[in-house]
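In our numbering, the protein residues as written are -3 to 491.
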Ligand code: AMP
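What follows is the structure, given as C-alpha cells:
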C-alpha cells in the first residue's frame, strides 16, 4: 500500500498531513498526486468522500511553495460550482498549507467586492472561486489570469448541471495555454468529455469507484402518501413527516430532510421548528453567513435536523447521519442515490425514508428502476390503515430485469390507491392551519441553480447524459476502505 512518504510531497505539507491524522493516502490521492507533482494534467473521476480535495490541494501547495505571486495575478486558480464547495476547498488549503507561506483569496457571491479586491491587489498564490464571481472580477478589470500556472476544475458535473460550462470554457480561454490542469468530475457526461478533450493535454486519468451506492446497510422505506383532501395535502404531508420522524424515536440522532423545491425547504424547516423540532434550512437563497452557521452547527452536532435542497447539500462534507428523509421523491433518480448516501456510511446502519405523493409516483418508478429493486412500502405512521404493506422488501433482481419496475410499481400504486388515504394528526402540537404558506402546485423539473452568482442555467443537463448504466457495479471505494472512513467524523475533526 502506498504511504504518504512515497508521494514526495514537501516536508511542510507532510507535517500538516501528519497533524491532520491521515495515515495513508486514499486511492485517488495515491494515483493523482504523483502525476500532479510531475506537472501532468490530471483527470480525476471521483466524488466527495474519496479524498479528492486533498488530491489536488496537496500537490498544489508543494508546487507553489516556491515563488511569489504578483499583484492582481494569481498563480493558481480553483473553480468550484457552489459557494459552500469553494469555502470547503479554502478550508482544505488552510489545513494543509499551515506550515507554508501561501496567500489565498476566496471569490464567492454574498461577500463584498471591495474586500476581495483588496486581497487580489496584494497578490495571491491561490484563488478559489465560483465561475460567475470570478468572471465578474475579471470583467471589472481587477484581475489578470495570465500568470495562472495551475488551474483546477472541481465537481465539473455539477458545473454542467448548473449551466456553468460556457463560463468554464471562457475561463479556460483566459488562462495561459501552458498551465497545468487538474480536472475533477463525479461522472463523465459527453459534454464533460468534450471539455476535457479540448482543454486537457494528455491527462493522467484516475478513476475511483463511485461512492454513490444504495448501500446494503441503508434501510429504505417509502410512504405512499395520500391526503384526505386536496386542500389539506401540504399540511398533511408535513404532518406525515413529523410522524415519520417521531416513529424513529431515539434511533434518530441527526437527519437531513431533502425537499425538491427551495420554497418547501423553508416551509418544512419553519413548520418543524414550530412543532418543537431542532431544525434549520439550507438553500442558496439564504445569505452566506446564515448558511455557514447552519452547516457548522449541523456538523458540530448542535443542530439535529437539516432541511436541504439537493444543490445546497450535494458535495458537502457533512458527517454521516442516522436518517435521511425525502420530503419528495427527487425528479432525477440519481439524486435519490446521492441523498440516501448521506446515511449508512462506512458500513454503519442508516435509514432512508421517502414520502411519495401521487404526482411523485413516476419519479419513484425511475428510482426503483435505477436501484433494480422495489423499496419497502411503509405503514402510515399517523396511525391510519397501511398505505400498502404487501410490496416485497427486495424484488428478485431477475424478475426486475424481466419486468420493468414501472409495471411493478403501478400495481402497487393501484393497491395503495384502494386503501383509505386518511392521515389523521398523530403528533400533538399547534394546529396545522397556522402553518406557513401553502406549497406550490408542481415540483420544479430540477432544483434551480442556487449558489450561482450571476447567470441562469444554459443548456441544462447535457441531454440527461449523467445517466448511469443499469449494470454499473456500485462498489464504493472497492475493496479498499481507507482508515479515515472508519474513523468517526468527531475523531477526524478533533485530530
Ligand atoms: P473529500 O472527498 O475531499 O471531500 O474528503 C473527504 C474527507 O476525507 C475530508 O473530511 C478529508 O478531511 C478527509 N480525508 C481526505 N484524505 C484523507 C486521508 N488520506 N486520510 C484520512 N482522511 C482523509
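In this text, a Cβ means the ideal position worked out from N, Cα and C, and glycines have one as well. No experiment lies behind these values; they were computed from the predicted model shown.
Please state the DSSP three-state secondary structure of residue 224. Here the question's residue 224 lines up with position 228 in the chain shown. Correct three-state label for residue 224: coil.
Boundaries of the alpha helix (DSSP H) in which residue 74 is found, first to last residue: Locating residue 74 in the chain shown gives position 78, counting from the first residue. Here residue 74 belongs to no alpha helix (DSSP H); instead the beta strand (DSSP E) covers 72 to 75.
Tell me the rounded alpha-carbon separation between residue 15 and residue 95. As a working note, residue 15 is residue 19 in the chain shown. As a working note, residue 95 is residue 99 in the chain shown. Each residue's Cα considered, the two are about 11 Å apart.
Please work out which residues of its chain come closer than 8 Å, Cβ to Cβ, to residue 92, disregarding the five sequence neighbours upstream and downstream, and give them in chain order. Along the chain shown, read from residue 1 onward, the residue named residue 92 stands at position 96. Contacts found: 9, 12, 13, 16, 50, 53, 54, 57.
Taking the alpha-carbon of residue 76 as reference, which of 85, 328, 232 has the nearest alpha-carbon? By one-based count along the chain shown, residue 76 stands at place 80. Checked all of 85, 328, 232; the closest Cα to residue 76 is 85.
Limits of the alpha helix (DSSP H) - the one that residue 277 falls within: Locating residue 277 in the chain shown gives position 281, counting from the first residue. Per DSSP, residue 277 belongs to no alpha helix (DSSP H); it is in the beta strand (DSSP E), 275 to 278.
Residue 107 - DSSP class collapsed to helix/strand/coil: Translated into the one-based positions of the chain shown, residue 107 becomes position 111. Coil at residue 107, not helix or strand.
May I have the straight-line CA-CA distance separating residue 335 from residue 229, to the nearest angstrom? Numbered from its first residue, the chain shown carries residue 335 at position 339. Numbered from its first residue, the chain shown carries residue 229 at position 233. Approximately 24 Å between the Cα atoms of the pair.
Can you find a heavy atom of the ligand AMP that lies under 7 Å from the Cβ of residue 48? Here residue 48 refers to the residue found at position 52 of the chain shown. Within the cutoff, so yes.
Going by beta carbon distance, what residues of the same chain come within less than 6 Å of residue 5, once the five residues before and after it are set aside? Residue 5 sits at position 9 when you count from the first residue of the chain shown. Taken in chain order, the residues that qualify are 54, 58.
Tell me the DSSP secondary structure of residue 437 in three-state form. For the purposes of this step, residue 437 is identified with residue 441 of the chain shown, where counting begins at 1. For residue 437, the predicted structure reports a pLDDT of 34, less than 50, and the residue's modelled location is therefore unreliable. A value from the coordinates is still provided. In this structure, residue 437 counts as coil in the three-state DSSP scheme.
Residue range of the unbroken beta strand (DSSP E) whose run includes residue 40: Working through the chain shown from its first residue, we reach residue 40 at position 44. First-last of the beta strand (DSSP E) with residue 40: 38 to 41.
Tell me which same chain residues have a C-beta within less than 6 Å of the C-beta of residue 200, skipping the five on either side of it? In the chain shown, the residue the question calls residue 200 occupies position 204. Closer than 6 Å at Cβ, skipping near neighbours: 31, 36, 38.
Just reading off the beta strand (DSSP E) that residue 347 is part of, what are its end residues? For the purposes of this step, residue 347 is taken as residue 351 along the chain shown, with counting starting at 1. For residue 347, the enclosing beta strand (DSSP E) has its first and last residue at 346 to 352.
Quick one: using the 10 Å Cβ neighbour count with 16 as the cut-off for buried, is residue 176 buried or exposed? Residue 176 sits at position 180 when you count from the first residue of the chain shown. Buried.
Opening and closing residue of the beta strand (DSSP E) in which residue 302 lies: In the chain shown, residue 302 corresponds to position 306, counting from 1. Its beta strand (DSSP E) spans residues 301 to 304.
I want to check one thing, is the minimum distance from the CB of residue 337 to the heavy atoms of the ligand AMP below 7 Å? Within the chain shown, residue 337 is the residue found at index 341, counting from 1. No; taking the cut-off as 7 Å, the Cβ of residue 337 has no heavy atom of the ligand AMP nearer than that.
My understanding is that residue 267 touches residue 234, with C-beta atoms under 8 Å, so please give their C-beta distance in whole angstroms. Here residue 267 refers to the residue found at position 271 of the chain shown. Here residue 234 refers to the residue found at position 238 of the chain shown. Right, their Cβ atoms sit about 5 Å apart.
Any C-beta of chain D sitting closer than 8 Å to the C-beta of residue 185? The question asks about chain D, but that chain is absent: this structure has only one protein chain.
Spatial neighbours of residue 61 in its chain, beta-carbon cut-off 6 Å, leaving aside the 5 residues before and after: As a position in the chain shown, residue 61 is number 65, starting the count at 1. Excluding residues within five positions, the ones whose Cβ falls inside 6 Å are 6, 96.
Could you check which residue in 248, 365, 323, 299 has the C-alpha nearest to that of residue 306? Here residue 306 refers to the residue found at position 310 when the chain shown is read from its first residue. The option with the nearest alpha carbon to residue 306 is 323.
Using 10 angstroms around the beta-carbon of residue 72, count the other beta-carbons present and answer buried if the total reaches 16, otherwise exposed. For the purposes of this step, residue 72 is taken as the residue at position 76 of the chain shown. Residue environment: residue 72 is assigned as buried (16 or more neighbouring CB atoms within 10 Å of its CB, all protein chains considered).
Under a Cβ-count criterion, where at least 16 other Cβ atoms within 10 Å of its own Cβ denotes burial, should residue 111 be classed as buried or exposed? Mapped onto the chain shown, residue 111 falls at position 115. When all chains shown are included, residue 111 counts as exposed.
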